[in-house]
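**Student:** Anchor point for the sequence shown: position 148 equals 149 in my numbering, and the numbering is continuous, going up by one each time. Glycine included, C-beta positions come from ideal geometry on N, C-alpha and C.
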Amino acid sequence: MEVRHLHYPLPSDFEGTECVLAMGYFDGVHVGHRRVIQKAIDLAKGFGIAAAVMTFDPHPREILGQSGYTQYLTPLDEKLEQLKVMGVEIAYVVQFDISFAAVYPEDFIDEFLLRLRPCHVVVGFDYTFGHKGLGTAFTLQNHAQGRYGLDVISPINRFGEKVSSTLIREYLYSGKIKEATQFLGRPYTVRGSVVHGEKRGRTIGFPTANLKLASPYIVPKNGVYGVRVQIGDRECFGVMNVGIKPTFENERKEKSLEVHILDFSGDLYDQVLAVEFLFFIREEQKFAGVDGLISQIKQDVVTAKAQFSKYVTA
């Protein structure tokens, strides 16, 4: 997949590639986003041209000062990987800044969109763009004057709710992993490198890999989770604690992600792990002493193992 980083205005010598273009921020690349992107891919195959996606970096809400958007379901690298797996051939990553936010919808179409050479555009039903979000699917259709075709994709509903990145965030913050998985169409995944921690886990019989996130991922609710861990080409299961380890003194109350990988031994320091959240086991809690913590971890492992058989891949 070719990745092209763009900013407004486009340079005078910019040359686009004839394409079918899906547009959106696509944080999470969830099942609703995938319907939009897949429509573009299918149309592109039929037309015999490139399937392209236009996305933005950083999130428009972050630039416009709306709270809650400094962390992502799919930071840019993760999003691009998801697009590549889907079969997108060109990813246009547009720098979103204050000047770009001020561009009027019609100017965006004339001075930016059309120069990418889309013969067809695909957006979600709620897509907005341009100054104050005044541009809508109607604007794309009305202002096009036949210069490109347009498909507007209807929403997907699950559990009686419209699938959205905002709701997936709320599910993760609430520990509702099953619902987040259904909306994403896959387990929520974070990536990070293994760093040196306090090494307390090995002294109580449960060594853990302390994960430093590679990008500003959303971190689910504090608690204990059943997870699947990708270590290179090897797939393992584990139990992850997200939180501040309240049983031990931690004056700074720093949140950590520590995973005890089952049936694994070896040095993981500096290796990059991909961790999929499969299910929530329990709330994080403070124990009166280490013995109580050890007993509970043993129970957590038993609880997790009872469910892992449902997640074994062929």
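Just how far apart, CA to CA, sit Glu82 and Met2?
**Tutor:** In the sequence shown, residue 82 corresponds to position 81, counting from 1. In the sequence shown, residue 2 corresponds to position 1, counting from 1. C-alpha separation (whole angstroms): 9 Å.
**Student:** Which of helix, strand or coil does DSSP assign to Arg2?
**Tutor:** Here residue 2 is taken as the residue at index 1 of the sequence shown, counted from 1. The sequence given here has Met at residue 2, not Arg. Of the three classes helix, strand and coil, the one that applies to Met2 here is coil, per DSSP.
**Student:** In whole angstroms, what is the alpha-carbon distance linking Val220 and His261?
**Tutor:** The residue labelled residue 220 in the question sits at position 219 within the sequence shown. The residue labelled residue 261 in the question sits at position 260 within the sequence shown. So the two alpha carbons sit approximately 17 Å from each other.
**Student:** Thr1 and Phe278: beta carbons closer than 9 Å?
**Tutor:** Past the boundaries of the shown model lies residue 1; the chain is included only from 2 to 315, so the question cannot be answered.
**Student:** Answer with buried or exposed for Lys40, where buried requires no fewer than 16 other C-beta atoms within 10 angstroms of its C-beta.
**Tutor:** Translated into the one-based positions of the sequence shown, residue 40 becomes position 39. With 16 or more other Cβ atoms within 10 Å, it is buried.
**Student:** Just to confirm before moving on: does the CB-CB distance between Val164 and Val54 stay below 9 Å?
**Tutor:** As a working note, residue 164 is residue 163 in the sequence shown. As a working note, residue 54 is residue 53 in the sequence shown. No, Cβ-Cβ distance for Val164 and Val54 is not below 9 Å.
**Student:** Measuring CB atoms only, is the region 89-106 touching the region 42-59, in the sense that at least three cross pairs come out at less than 8 Å?
**Tutor:** They touch, by the three-pair rule.
**Student:** Evaluate Asp271 with the Cβ neighbour count: other Cβ atoms within 10 Å of its Cβ, from every protein chain shown; 16 or more gives buried, anything less gives exposed.
**Tutor:** Here residue 271 corresponds to residue number 270 of the sequence shown, with the count starting at 1. Label assigned to Asp271: exposed.
**Student:** Rounding to the nearest angstrom, what Cα-Cα distance links Val276 and Gly227 in this structure?
**Tutor:** Counting from one through the sequence shown, the residue named residue 276 turns up at place 275. Counting from one through the sequence shown, the residue named residue 227 turns up at place 226. Going from the Cα of Val276 to the Cα of Gly227 covers about 10 Å.
**Student:** Would you decide whether Leu65 is buried or exposed? Buried here means 16 or more other CB atoms lie within 10 Å of its CB.
**Tutor:** For the purposes of this step, residue 65 is identified with residue 64 of the sequence shown, where counting begins at 1. Classification for Leu65: exposed.
**Student:** Does DSSP classify Gln231 as helix, strand or coil?
**Tutor:** Residue numbering aside, residue 231 sits at position 230 when the sequence shown is read from its first letter. Strand.
**Student:** Who does Tyr189 pair with in a DSSP beta bridge?
**Tutor:** Taking the sequence shown and counting its residues from 1, the one referred to as residue 189 is at position 188. Note: Tyr189 sits in a beta bridge opposite Phe278.
**Student:** Starting from Ala1, follow its DSSP beta bridges and name the residues at the other end.
**Tutor:** Coverage of the chain is limited to positions 2 through 315, which leaves residue 1 absent and any answer about it impossible.
**Student:** Over the uninterrupted alpha helix (DSSP H) stretch that includes Asn317, give me the two end residues.
**Tutor:** The question about residue 317 has no answer here: the residues shown for the chain are numbered 2 through 315.
**Student:** What is the residue span of the beta strand (DSSP E) that Glu284 lies within?
**Tutor:** Residue numbering aside, residue 284 sits at position 283 when the sequence shown is read from its first letter. Element bounds for Glu284: n/a, residue is neither H nor E.
**Student:** Given this structure, state the Cα-to-Cα distance separating Ser175 from Ala215, to the nearest angstrom.
**Tutor:** Here residue 175 is taken as the residue at index 174 of the sequence shown, counted from 1. Here residue 215 is taken as the residue at index 214 of the sequence shown, counted from 1. If you take the alpha carbons of Ser175 and Ala215, they lie about 23 Å apart.
**Student:** Which same chain residues end up closer than 6 Å to Ile157 when comparing Cβ atoms and leaving out the 5 residues on each side of it in sequence?
**Tutor:** For the purposes of this step, residue 157 is identified with residue 156 of the sequence shown, where counting begins at 1. Once the five neighbours on either side are set aside, the close Cβ partners of Ile157 are Val32, Gly33 and Val164.
**Student:** Is His60 helix, strand or coil by DSSP?
**Tutor:** Stepping through the sequence shown from its first residue, residue 60 is reached at position 59. Residue state, collapsed to three classes: coil.
**Student:** On the premise that Cys237 lies in contact with Val230, defined as a C-beta separation below 8 Å, what is that separation, rounded to the nearest angstrom?
**Tutor:** Here residue 230 corresponds to residue number 229 of the sequence shown, with the count starting at 1. Here residue 237 corresponds to residue number 236 of the sequence shown, with the count starting at 1. Val230 to Cys237, Cβ: 5 Å. Contact.
**Student:** Restricting to runs no shorter than 4 residues, where is the alpha helix (DSSP H) found entirely within the region 144-195?
**Tutor:** Segments of the alpha helix (DSSP H) lying fully in the region 144-195: 166-174 and 178-185.
**Student:** What residues match up with His121 in a beta bridge as DSSP calls it?
**Tutor:** For the purposes of this step, residue 121 is taken as residue 120 along the sequence shown, with counting starting at 1. Paired residue(s): Val21 and Gly150.
**Student:** Lys213 by DSSP, collapsed to three states: which one?
**Tutor:** As a working mapping, residue 213 is identified with position 212 in the sequence shown. Three-state result, Lys213: strand.
**Student:** Run the CB neighbour count on Glu79, radius 10 Å, all protein chains shown included, and call it buried at 16 or more, exposed below.
**Tutor:** The residue you call residue 79 lines up with position 78 of the sequence shown. Flag for Glu79 reads buried.
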